[in-house]
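Asks:
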Amino acid sequence: MTNHPPPSARFLRIAQVQVRRAPLIALFALALTLALLPVVRSLELFSDWTELLPRSAPSVRDLGAGQRRVGGLSTLTLMLESRDNAALRRYATAMAARLEALPPSLRVRRVQWNVGDYQRFVRDHRHLYAPLPELTRARDELRRRIEYDRASANPGYINLDDPPEPADALVARAREQMRRVESESEQFPGGFFLHRDGRHLAMFLRVDLPSGDPARGTALVERVREEIRALPPAGFAPDLTVSLAGDLLVGITEHHAIEHELVVATLLTVALCVLAILGLFRRPRSVVLLGCALLVPVLATFALAKLTVGHLNTSTAFLGSIVIGNGINPGIIWLARYFEERRAGREVTEAVAATHQGAWAGTLAASTAASLAYGSLVVTDFRGFRDFGIIGGTGMVICWAMTMAFLPAFTALWERWRPLPPGAERPNPYGVLFARAVKRYPAPLAAGAGALGLAGIALSAVAISRDPLDYNFRNLTSVRAETDRASALNGIAGEIVGRAGSGAAIAVLVDRREDTAALKARLDEMRERHGAPFGAVRTIDDLLPSDQPAKIELLADLRRLMLEAREHASPETQRDLDAYLPPADLRPLVDDDVPSSVASLYTERDGTRGKLLFVEEKPGASIWDGQYLVAWADSIRAARTPDGRRPVVVGSAPVYADIIGAIWRDGPRAVLASILATVALVLLSFRRWRLRALTLLALVTGVAWMGGAMTLLHIRLNFLNFVALPITFGIGVDYAVNVMRRYQQEVDSGASGDPIEAAVQETGGAILVCSLTTIFGYSSLHTSANRALNSFGLAAVIGEVACVLAALVALSATLVLVERRRTRALAATPPRVAPRLCPP
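Numbering follows my numbering, with no gaps: position 499 of the sequence shown is 484.
(1) Just to confirm the assignment: which complete beta strand (DSSP E) runs, minimum length 3, are found wholly within the stretch 507 to 593?
(2) Measure how close the beta-carbons of Phe173 and Ala77 come, nearest whole angstrom, since I'm counting them as under 8 Å.
(3) In angstroms with no decimal places, state the Cα-to-Cα distance between Leu668 and Ala443.
(4) With respect to the alpha helix (DSSP H) encompassing Gln729, which residues constitute its N-terminal and C-terminal limits?
(5) With burial defined as no fewer than 16 other Cβ atoms inside 10 Å of the residue's Cβ, what is the status of Ala123: buried or exposed?
(6) Beta-carbon within less than 6 Å of His240's beta-carbon, same chain only, minus the 5 sequence neighbours each way: which residues are those?
(7) Please report the Cβ distance between Ile376 and Val281, rounded to the nearest whole angstrom; I am assuming they are in contact, meaning their Cβ atoms lie under 8 Å.
(8) Does DSSP classify Arg214 as helix, strand or coil?
(9) Kindly give me the distance between the Cβ atoms of Leu253 and Thr768, rounded to whole angstroms, as I take these residues to be in contact under 8 Å.
(10) Reducing DSSP to helix, strand and coil, say where Glu246 ends up.
(11) Please state if the CB of Thr251 and the CB of Ser300 are separated by a distance shorter than 7 Å.
(12) In whole angstroms, what separates the C-alpha of Pro518 from that of Ile262?
(13) Quick test of your reading: Gly571 and Leu117, contact by CB under 8 Å. State the CB separation rounded to the nearest angstrom.
(14) So who's on the other strand from Ser228, going by DSSP bridges?
(15) Pop quiz: Ile644 and Phe704 are said to be a contact at Cβ under 8 Å. What is the actual Cβ separation, rounded to whole angstroms?
(16) Residues in its own chain within less than 6 Å of Val93 by CB, not counting five upstream and five downstream?
(17) Would you say Leu474 and Ser637 are within 7 Å of each other, going by their C-beta atoms?
(18) So is Lys291 in contact with chain B if we call contact Cβ pairs under 7 Å?
(19) Based on the DSSP secondary-structure assignment, which residues constitute the bridge partners of Leu30?
(20) What do you get for Ala464, buried or exposed, if any count of 16 or more other CB atoms within 10 angstroms of its CB means buried?
(21) Check the C-beta distance from Glu36 over to Arg368 and give it rounded, since I have them as a contact under 8 Å.
(22) Going by DSSP in three states, Asp628 sits in which element: helix, strand or coil?
(23) Whose C-alpha, out of Ala770, Leu574 and Ala550, is nearest the C-alpha of Asp526?
(24) What residue does the beta strand (DSSP E) around Leu37 start on, and which one ends it?
(25) Please name the residue, chosen from Ala0, Val789 and Ala11, that lies closest to Phe395 on a Cα-to-Cα basis.
(26) Check this for me: beta carbons of Phe391 and Ala278, under 7 Å apart or not?
(27) Apart from the five residues just before and just after Leu362, which ones in its own chain have a Cβ nearer than 7 Å to its Cβ?
(28) Where does Pro217 land, buried or exposed, given buried means 16+ other C-beta within 10 angstroms?
(29) Taking the straight line between their C-alpha atoms, what separation do you get for Ala321 and Glu747?
(30) Per DSSP, what kind of secondary structure is Asn314 in: helix, strand or coil?
(31) What does the Cβ neighbour count give for Ser659, buried or exposed, with the cut at 16 atoms within 10 Å?
(32) With 16 as the cutoff for other CB atoms within 10 Å, does Gly51 come out buried or exposed?
(33) Count the CB pairs spanning the stretch 792 to 799 and the stretch 430 to 448 that are closer than 8 Å, and state whether there are at least three.
(34) Using 7 Å as the threshold, is the C-beta distance between Tyr613 and Ala623 below it?
(35) Per DSSP, Phe178 forms a beta bridge with which residues?
(36) Give the straight-line distance between the Cα atoms of Met381 and Leu28, rounded to the nearest whole angstrom.
Have a look at this one:
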């Protein structure tokens, strides 16, 4: 039977204050809650990928530089669909007028919907767009024809070679060449962005809003939808539909979905925790007391997050449910011990004091371990880890401190209203099963746990040797009908205008216009000669004629020859010659001559053109392959301008590459910090090496089981589920520490009963409920459609189950075996007999 030693004077004084001043403490908690609510409500969610990286990351710095120089880096796409091609064009024309009239506050930099002016520009300057070899051939053949005709006029001329083609054939070839030049610029019929299937037409809004700016992005999307409702597509064709896509829409959709899902996850966690608490204590008062005691610290945690990290990101968005699931644990341990003291017949003040004395060290050590586990993430630069560590680490400490301050006062208040008769509470049922099992089968349980631990270590080693990171970025995205539809439409847009036009290429910015051609040549050389993993490199030079000085010289010769040939040509040939006669005033075309409908892609905020390059992915490569994204981004970053400077590189691929690099760089650092902090805490928590060793053995066993299970389930690591590793060390040792602290207290108090059975049955039951609440917090992440969050929730649940079983089964069974061996050793030792003194 468990002994209940009287509480010390120190804890008795604390209890007297909390019980006597309970109404005042409750009023203070209420005032604090009301003060914290506005701060927490102002905490925003920024879901852009760049929010996971430090400001010093190259992709983040380059993105900032790019946004300062170039507008419209985000895209909102309108995809029109109908079998009526003419209706598509009419609707696009009518909608374009509405979109171009949108107010500046919506940050639409330009509307791209028609490039007919560029097609007219190419027709007007078709001679300069003709290929240089064809112009050279036309000049040489026309010259030869003229020389032949001139020589043939001499009666004595004898031609020993084949006669050149007649002038009519030369003119026909020139006409065909000009038509080919014009047709190459007319890939978009009528200038519209029509798909080759004739059923899809795209319109693009280039917007000065990042995809992670939900408020203004949502305002723009809603305004565009209003314009669509004001101009019903069915009025143009019965089957005409308009859908929205683009990276801006995908980002906004993801943001709002996460907001909704985190509310659902939090409510689900609360509901499941209520059921677990009712199952443990079987009294509604326990739910109210723990709920009130947890509300203030959870609000304080996120109010502090507002003051420290400033906002939530994709990694920290669901910490609310996790903090609730973990932060309630000290309260559960404290309340379980309080009811145990009340069962022993102690009155309220003495029971509160005895509970403090029995529970404060174990709960503090466990909460500190959890805090250190989260805090280990703070040593990293990756904000996906660091912010998670700051919020989770401070949250565990705040929850422990405020629970110890407020829960006793709330409990005392409830006792005033509805006193709990001494001995009325029954022992909790959760720990009974484990206590009986470890007492009856300690050897098989300990051996099985050890074997599974060794198997887990072996499986983990195999996974690490094969690179455990998940490079499939599809596994980091969400499975939602709206985003899947938008992604499919983005693919169609890419087929219409290319990767650069759809906003999917990597943008490269140089400081000088003359560096553009040199850098393009360098990139082309890297691709062609060295196999660099990227595709075409696009610049504004692609919109201008090539080799203009040489062409102008050739065209001047060609004009002179055509005029000479015209004098002897037939009237019909003369008309053809006049139609294709190069102008006399040809001049080189420059950047500013290119129509803005196509030049805007290469135009900066100050109107400067030509200092942007777009590098497309390698044909056949997958933009969802993380390893390819790293290679793609790194190869472009390796290029230098002629003066040796690194250009600005902007795009999704560099951001993803930096995320993968951060996981490789910061992940092991966080794991090592968590291990060292956990070991140090265990060493400080116990004075005896035997207790220290057994506690750490339980942790190693649980982590080994976790690693083996993740390997068998083919769970690969990403930027989010990696967090489960360091936090499992701290939260996992939480349970072993509490079991061992209770065991130590039972031994030190000289209890007449079995100290192991008391530790497992009393503390173990509360620990199991603590684990359930934590599991509920992690499991609630499966309410999200985001696969990265799902994988984190699953990995954390596996770690939680493994560690609680390691504490309640492996540790307890091993402790039973150690105690039995120690007892046998003492029994086998003969008693020491005092030597008899001989008489003098």
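Ideal Cβ positions, reconstructed from N, Cα and C, are used throughout, including at glycine.
Replies: In brief:
(1) Residue ranges of uninterrupted beta strand (DSSP E) with 3 or more members, entirely inside the stretch 507 to 593 and ordered along the chain, are 519 to 523.
(2) Here residue 173 is taken as the residue at index 188 of the sequence shown, counted from 1. Here residue 77 is taken as the residue at index 92 of the sequence shown, counted from 1. About 11 Å; that fails the 8 Å criterion.
(3) Counting from one through the sequence shown, the residue named residue 668 turns up at place 683. Counting from one through the sequence shown, the residue named residue 443 turns up at place 458. C-alpha separation (whole angstroms): 27 Å.
(4) Residue 729 sits at position 744 when you count from the first residue of the sequence shown. Taken as a continuous stretch (DSSP letters only), the alpha helix (DSSP H) holding Gln729 covers Ala709 to Ser734.
(5) As a working note, residue 123 is residue 138 in the sequence shown. The residue is buried, with at least 16 neighbouring Cβ atoms inside 10 Å.
(6) On the sequence shown, position 255 is the one that residue 240 refers to. Taking His240 as the centre and dropping the five residues before and after it, the same chain places the C-beta of Ser32 and Pro199 closer than 6 Å to its C-beta, in chain order.
(7) For the purposes of this step, residue 376 is taken as residue 391 along the sequence shown, with counting starting at 1. For the purposes of this step, residue 281 is taken as residue 296 along the sequence shown, with counting starting at 1. With a Cβ gap of about 16 Å, Ile376 and Val281 do not count as contacting.
(8) Here residue 214 refers to the residue found at position 229 when the sequence shown is read from its first residue. Helix, per DSSP.
(9) In the sequence shown, the residue the question calls residue 253 occupies position 268. In the sequence shown, the residue the question calls residue 768 occupies position 783. Rounded, the Cβ-Cβ distance is 6 Å, consistent with contact.
(10) Sequence index remark: in the sequence shown, residue 246 carries index 261 (1-based). Looking at Glu246 - three-state DSSP - the assignment turns out to be helix.
(11) The residue given as residue 300 occupies position 315 in the sequence shown. The residue given as residue 251 occupies position 266 in the sequence shown. Going by beta carbons, Ser300 and Thr251 fall outside the 7 Å limit.
(12) On the sequence shown, residue 518 is found 533 positions in, with the first residue counted as 1. On the sequence shown, residue 262 is found 277 positions in, with the first residue counted as 1. Rounded to whole angstroms, the separation of the alpha carbons of Ile262 and Pro518 is 56 Å.
(13) As a working mapping, residue 571 is identified with position 586 in the sequence shown. As a working mapping, residue 117 is identified with position 132 in the sequence shown. Here residue 571 turns out to be Leu, not Gly, going by the sequence shown. About 14 Å separates the two Cβ atoms, so there is no contact after all.
(14) Taking the sequence shown and counting its residues from 1, the one referred to as residue 228 is at position 243. Met64, per the DSSP bridge assignment.
(15) Translated into the one-based positions of the sequence shown, residue 644 becomes position 659. Translated into the one-based positions of the sequence shown, residue 704 becomes position 719. With a contact defined as Cβ atoms closer than 8 Å, Ile644 and Phe704 qualify at about 5 Å.
(16) By one-based count along the sequence shown, residue 93 stands at place 108. The answer, listed in chain order, is Leu87, Leu190 and Val192.
(17) In the sequence shown, the residue the question calls residue 474 occupies position 489. In the sequence shown, the residue the question calls residue 637 occupies position 652. Pairing Leu474 with Ser637 gives a Cβ-Cβ distance that is not under 7 Å.
(18) Absent from the structure: chain B. Only one protein chain is present.
(19) Your numbering for residue 30 matches position 45 in the sequence shown. For Leu30, which the question treats as bridged, DSSP gives the partners Leu297.
(20) Numbered from its first residue, the sequence shown carries residue 464 at position 479. Reading the sequence as shown, one finds Val at residue 464 and not Ala. Exposed is the call here.
(21) By 1-based counting over the sequence shown, the position of residue 36 is 51. By 1-based counting over the sequence shown, the position of residue 368 is 383. Indeed, because the Cβ distance is near 7 Å, the residues count as touching under 8 Å.
(22) As a working mapping, residue 628 is identified with position 643 in the sequence shown. Coil at Asp628, not helix or strand.
(23) Here residue 526 corresponds to residue number 541 of the sequence shown, with the count starting at 1. The shortest Cα separation from Asp526 among Ala770, Leu574 and Ala550 belongs to Leu574.
(24) As a working mapping, residue 37 is identified with position 52 in the sequence shown. DSSP places Leu37 outside any beta strand (DSSP E), giving it a letter other than H or E.
(25) On the sequence shown, residue 395 is found 410 positions in, with the first residue counted as 1. Ala11 is the residue among Ala0, Val789 and Ala11 whose C-alpha sits nearest the C-alpha of Phe395.
(26) The residue you call residue 391 lines up with position 406 of the sequence shown. The residue you call residue 278 lines up with position 293 of the sequence shown. Closer than 7 Å, so yes.
(27) In the sequence shown, the residue the question calls residue 362 occupies position 377. These residues qualify, in order along the chain: Phe370, Arg371, Phe373, Gly374, Ala655, Val708 and Pro711.
(28) Mapped onto the sequence shown, residue 217 falls at position 232. With fewer than 16 other Cβ atoms within 10 Å, it is exposed.
(29) Counted from its first residue, the sequence shown places residue 321 at position 336. Counted from its first residue, the sequence shown places residue 747 at position 762. Cα to Cα, the separation comes out at about 8 Å.
(30) Residue numbering aside, residue 314 sits at position 329 when the sequence shown is read from its first letter. Three-state DSSP puts Asn314 in a helix.
(31) Along the sequence shown, one-based indexing puts residue 659 at 674. Buried.
(32) Counted from its first residue, the sequence shown places residue 51 at position 66. Classification for Gly51: buried.
(33) The stretch 792 to 799 vs the stretch 430 to 448: in contact.
(34) The residue you call residue 613 lines up with position 628 of the sequence shown. The residue you call residue 623 lines up with position 638 of the sequence shown. Result no, Cβ atoms of Tyr613 and Ala623 do not sit closer than 7 Å.
(35) To locate residue 178, count along the sequence shown from 1; it is residue 193. Beta-bridge annotation (DSSP): Phe178 is paired with Ala187.
(36) Taking the sequence shown and counting its residues from 1, the one referred to as residue 381 is at position 396. Taking the sequence shown and counting its residues from 1, the one referred to as residue 28 is at position 43. Cα to Cα, Met381 sits roughly 19 Å from Leu28.
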